[in-house]
Amino acid sequence: MEIEQKQAQIIDYFVKQASNLNGSTLVSLVVEATSHPSLFAFSEILSVPNLLQLQGTENSAYIDLLRLFAHGTWTDYKSNAVLLPKLLPEQVVKLKQLSVLTLAEMNKVLPYDQLQKELEVANVRELEDFLINECMHVGIVKGKLNQLRRCFEVQFAAGRDLRQGQLENMTQSLTNWLATSDNLLSTIQEKIKWAETMGELDKNHKKEVKYHLQDAKKALNSKKFHYKQASNLLRMNMDYFFELDGETDCEEDLIRSKRKRSPKNYI
């Protein structure tokens with residue numbers, strides 16, 4: 017966000033300059049804009065009507081150069097170098113910076129081999145110095161240099177100018193994302209509804225179990241009560257039986273005793 021805010025004032029400056037210049041003087045403006053160390057967006061400058069004055073003249077290549085900086089890469093320049101103006105060292109650095117941004121749009125893990133090829137860098141040390149000094153310190157990208165895996169892990173990359181047809185693709189991507197989000201939301205809502213239903217069923221089940229448990233406790237207590245009554249009744253009957261049995265034994269002992277004491281009469 018900081019890089020975009022910083023560029024806004026620079027873009028406004030070049031747009032006003034382009035609106036007030038004519039003819040060949042626009043060439044100097046294109047060179048200055050494409051060499052500026054803090055400018056990485058060029059579509060607004062391209063949209064200034066005055067720049068069309070270069071079309072069809074000996075300087076028309078400078079409009080193509082500005083388009084290249086808006087949407088192209090270092091590889092694109094190398095492929096069309098004979099048709100474009102020779103670049104200043106500052107422009108070479110700028111176009112390579114823009115190439116890193118383009119690669120970061122497509123993949124968040126950039127292998128060193130790919131970067132060395134795209135940027136025409138001789139070795140890893142030179143590549144890492146470029147990424148640190150010309151990209152991360154400038155603020156156009158943030159990431160981690162992974163020397164073990166030999167790659168640059170991108171965490172943030174500033175956006176470039178939209179290419180023709182890219183806006184439609186972005187709109188379609190956003191439409192697809194919105195549809196996916198709606199489906200996901202619908203699925204989440206169904207899961208929430210299912211969870212609420214299961215929660216209610218579980219709650220009712222717990223109530224039912226509690227109710228049956230209370231009935232079981234009541235039945236068990238009732239059985240205990242009846243068992244206790246039966247036990248008491250049995251105990252009372254047993255005591256009564258033993259008491260009667262004791263009295264019977266006493267009477268028998270008394271009769272035996274009397275029989276022993278009474279004299280026997282013999283005739």
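In terms of this note's numbering, the sequence shown opens at residue 17 and continues consecutively.
In this text, a Cβ means the ideal position worked out from N, Cα and C, and glycines have one as well.
Values in this document were obtained by computation on a predicted structure and should not be read as measured data.
Asked, Found
"Could you tell me how far apart the beta carbons of Leu119 and Tyr93 are, in whole angstroms, since I believe they sit closer than 8 Å?", "With a Cβ gap of about 15 Å, Leu119 and Tyr93 do not count as contacting."
"Looking at the strands, I want to know which residues DSSP matches up with Cys167.", "Pro127 and Asn162"
"Taking the alpha-carbon positions, what's the Glu136 to Thr196 distance?", "40 Å"
"Using 7 Å as the threshold, is the C-beta distance between Leu45 and Leu37 below it?", "yes"
"By how many angstroms is the C-alpha of Asp218 removed from the C-alpha of Ile204?", "21 Å"
"Start and end of the alpha helix (DSSP H) containing Asp92?", "Trp90 to Ser95"
"Please say whether Val125 and Cys151 have beta carbons closer to each other than 7 Å?", "no"
"Within a Cβ cutoff of 8 Å, which residues of the same chain sit near Arg166, ignoring the five residues on either side of it in sequence?", "Pro127, Tyr128, Asp129 and Val140"
"Using the three-state DSSP reduction, which class does Ala211 fall into: helix, strand or coil?", "helix"
"Does the region 25-40 come within contact of the region 59-74, defined as at least 3 CB pairs closer than 8 Å?", "yes"
"Could you check where the alpha helix (DSSP H) with Ile61 kicks off and where it finishes?", "Ser59 to Leu62"
"Taking Lys32 as the reference, which of Ser51, Glu20 and Pro65 has the closest Cα?", "Pro65"
"Between the beta-carbon of Ala77 and the beta-carbon of Pro101, is there less than 7 Å?", "yes"
"Leaving out five residues before and five after Lys233 in sequence, what residues of the same chain have Cβ atoms less than 8 Å from its Cβ?", "none"
"If you compare alpha carbons, which of Asn149, Val170 and Ile79 is closest to Pro53?", "Asn149"
"Run through the DSSP bridge pairs and tell me what Ala173 is partnered with.", "Val157"
"How many angstroms separate the CA atom of Gln71 from the CA atom of Asp80?", "9 Å"
"Rounded to whole angstroms, what's the CA-CA distance from Ser238 to Asp231? Just pull it up for me.", "10 Å"
"Could you pull out every residue in the same chain whose Cβ sits closer than 8 Å to the Cβ of Thr91, ignoring the five residues on either side in sequence?", "Ser115 and Glu134"
"Which residue from Lys158, Leu164 and Leu200 puts its Cα closest to that of Gln171?", "Lys158"
"Can the beta-carbon of Phe85 be found less than 7 Å from the beta-carbon of Thr50?", "yes"
"Please classify Gly39: is it buried, with 16 or more other beta-carbons within 10 angstroms of its beta-carbon, or exposed?", "exposed"
"Relative to the alpha-carbon of Gly175, which residue among Gln69, Met122 and Gln163 has its alpha-carbon at the smallest distance?", "Met122"
"Output the distance between the C-alpha atoms of Asn220 and Lys160, rounded to the nearest integer angstrom.", "55 Å"
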